[in-house]
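What follows is a set of notes on a single structure, which appears directly below.
Numbering (my numbering), first residue to last: 787 to 1103.
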């Protein structure tokens, strides 16, 4: 059973406070990152992606203080770069990446192959861009040699440099500039301005934009002064009117002014919320199902596909 740490308020920035209990006991990160051959059952789960079994590796993150892995994943090689395909966290908060099951990734990457023409480009966060290139076989030009946006527990201060070097390895150093522009586009408060930057990054080709609910956390990790994103978990078996009503009541009591989005997480519903009202004006908030946005009424982007936390848009001409 997945561990839970209860509902914890995050007031400012991207502090992953669900790790408070763990961090208090273990203020210095002691973990091991292991790459090994992928197991046959894991390879079978993603066989529809057409990836060669020998190109897949299993990631396991362990700690001497824990009896089981903190996180596991399945990665492919995008040339010399690690491309996360499947990821599972065994604690409440994500370690490096948000949860992504084999079934969901297979479905989303297949949808990208279906909806995105071969001559078009998909603009997405660097980790998903790599998965799109190796599995969906579509052009996804963005990457980041700095591996910005990794979701690293606050107490793991020593891991930041090492993990960004690990995941950024193999990416062209010049990729950081273009990816910085992508982050600027997602955090722009003017939709037209953000879309103009995205068109520039597409280099004149037909363009699509792929985002996931976790991308707002990644953006906050890069620009903590820009976003006051937080979360609270509500026990439930899925998103329901009653859960949303309870979430809204809690937000009123806590004087939370920004928009919110809800996401099923195991046996709970996670409330993602902006502490400040102005944070909801960012383009990425408009692309995701926050209460203050309407993805169907964007002027510059057209929704073409949605599955759980993934949203795929076509950038209008």
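Every residue gets a Cβ at the ideal spot worked out from N, C-alpha and C, and that includes glycine.
Computed from a prediction, not measured in an experiment: that's the story for all the values here.
Buried or exposed: where does residue i fall if 16 or more other Cβ atoms within 10 Å of its Cβ makes it buried?
i            : result
residue 915  : buried
residue 984  : buried
residue 1093 : exposed
residue 823  : exposed
residue 858  : buried
residue 850  : exposed
residue 947  : exposed
residue 973  : buried
residue 1082 : exposed
residue 810  : For residue 810, the predicted structure reports a pLDDT of 36, less than 50, and the residue's modelled location is therefore unreliable. The matter cannot be settled from this model.
residue 951  : exposed
residue 827  : exposed
residue 1052 : exposed
residue 980  : buried
residue 1047 : buried
residue 1098 : buried
Is the Cβ-Cβ distance between residue i and residue j less than 9 Å?
i            : j            : result
residue 896  : residue 922  : yes
residue 817  : residue 953  : no
residue 1003 : residue 956  : no
residue 1074 : residue 1084 : no
residue 1020 : residue 1054 : yes
residue 930  : residue 883  : no
residue 841  : residue 894  : no
Residues in the same chain with beta-carbon distance under 6 Å from residue i, minus the five sequence neighbours each way, listed in chain order, please.
i            : result
residue 1078 : 1045, 1066
residue 839  : 829
residue 813  : In this prediction, residue 813 scores a pLDDT of 44, lower than 50, which makes its location untrustworthy; no coordinate-derived value is stated.
Would you mind working out which of the options sits nearest residue i, comparing C-alpha positions?
i            : options               : result
residue 926  : 934, 945, 917         : 917
residue 862  : 888, 1098, 979        : 888
residue 856  : 1058, 1088, 846       : 846
residue 937  : 894, 881, 950         : 881
residue 900  : 1062, 994, 1080       : 994
residue 860  : 1055, 1064, 837, 960  : 837
residue 1061 : 1051, 919, 1011, 894  : 1011
residue 939  : 1038, 1007, 1014      : 1007
residue 1015 : 1099, 1035, 1064, 970 : 1064
residue 1043 : 1059, 1030, 1050      : 1059
Apart from the five residues on each side of it in sequence, which residues of its chain come closer than 7 Å, Cβ to Cβ, to residue i?
i            : result
residue 991  : 905, 906, 907
residue 854  : 876
residue 1102 : 1086, 1087, 1088
residue 825  : 844
residue 975  : 1067, 1068
Give a single yes or no on whether residue i has its beta carbon closer than 8 Å to a heavy atom of the ligand ZN.
i            : result
residue 1058 : Of the ligands one can find in the structure shown there are none, so the ligand ZN has no counterpart to examine.
Among the residues of its own chain, which have a CB less than 8 Å from the CB of residue i, if the five just before and after it don't count?
i            : result
residue 1070 : 972, 973, 997, 1001, 1002, 1005
residue 890  : 1093, 1094, 1096
residue 1032 : 1020
TODO: May I ask you to verify whether the stretch 855-872 touches the stretch 825-835, counting CB pairs closer than 8 Å and requiring at least 3?
DONE: yes
TODO: Determine contact between the stretch 959-970 and the stretch 1020-1030, defined as no fewer than three beta-carbon pairs at a distance below 8 Å.
DONE: Under the three-pair Cβ rule at 8 Å, the stretch 959-970 does not count as touching the stretch 1020-1030.
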